[in-house]
Amino acid sequence: MNRKRKIISEILDWSRTILIALIVGFAASKVLITSAQVPTGSMEDTIMPGSRLIINRIAYAVSKPKRGDIIAFYFPDDEETVYLKRIIALPGETVEGKNGNVLVDGEPLEEDYVTEEIDSDFGPYYVPTDMYFVMGDNRNDSWDSRFWDHKFVAKKKIIGKAEMEYFPKIKLLF
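Written as structure tokens, this is what we have:
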């Protein structure tokens, strides 16, 4: 009888531990982090199609999004769709594409992650308060702020910051 109680007690302890781990994991996935799979080549060569990323949901609870951050967000023209792009221009800035270059407030943007010039001019666009202008790193094969009906991503529509690629290889994205 004593042995039976010990086994039941052990099962209850393990069950409690597993339940707590599941609750913590579920809470973390809903509040702290989430994951995303990249379906297209719009972020090549930084992030390849099929890559899986960890998105930090609380990154912007303590700081503002910065130029160069890769973010997951709800697509402004269809908020049921999640996109992944790089922040190019911040609130209060003017962005345009001219002669193959991206200009922010008239100055060329230094972009070591881009492998080719843009093939068409765009803008200028003034970025409103609490909004962001985003582009894919694969500039000539990216559906981004340049082409959308609603050109900007609202801060409140940002899901989080892409921090790490975990498949097919591990790579930090900052």
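Counting with full-length UniProt numbering, you get residues 1 to 174 for the letters of the sequence shown. Cβ coordinates follow ideal geometry from the N, Cα and C atoms, glycine included.
Item, Value
"Neighbourhood of D149 by C-beta, 6 Å cutoff - its chain only, sequence neighbours within 5 removed", "D77"
"Close-in-space but distant-in-sequence residues of the same chain around D119 (CB under 7 Å, 5 per side omitted)", "N140"
"Residue from L103, R3, T115 whose Cα sits closest to the Cα of M138", "Residue identity check: residue 138 is Asn in the sequence provided, not Met. Taking only the C-alpha atoms, the option nearest N138 is T115."
"Nearest candidate by alpha-carbon position, reference M164, set I55, T17, I23, P49", "I55"
"Stretch-stretch touch, CB-based, cutoff 8 Å, three pairs: the stretch 154 to 168 with the stretch 59 to 66", "yes"
"Contact set for L103: own chain, Cβ-Cβ below 6 Å, skip 5 residues either direction", "E96"
"Y132 beta carbon less than 8 Å from that of N94", "The sequence as given places Thr at residue 94; Asn does not occur at that position. No; because the gap between Cβ atoms is not below 8 Å, this pair is not in contact."
"Which residues DSSP lists as bridging K160, in chain order", "With the sequence shown as reference, residue 160 is identified as Gly, and Lys is not the correct amino acid for it. Answer by DSSP bridge pairing, in chain order: A72."
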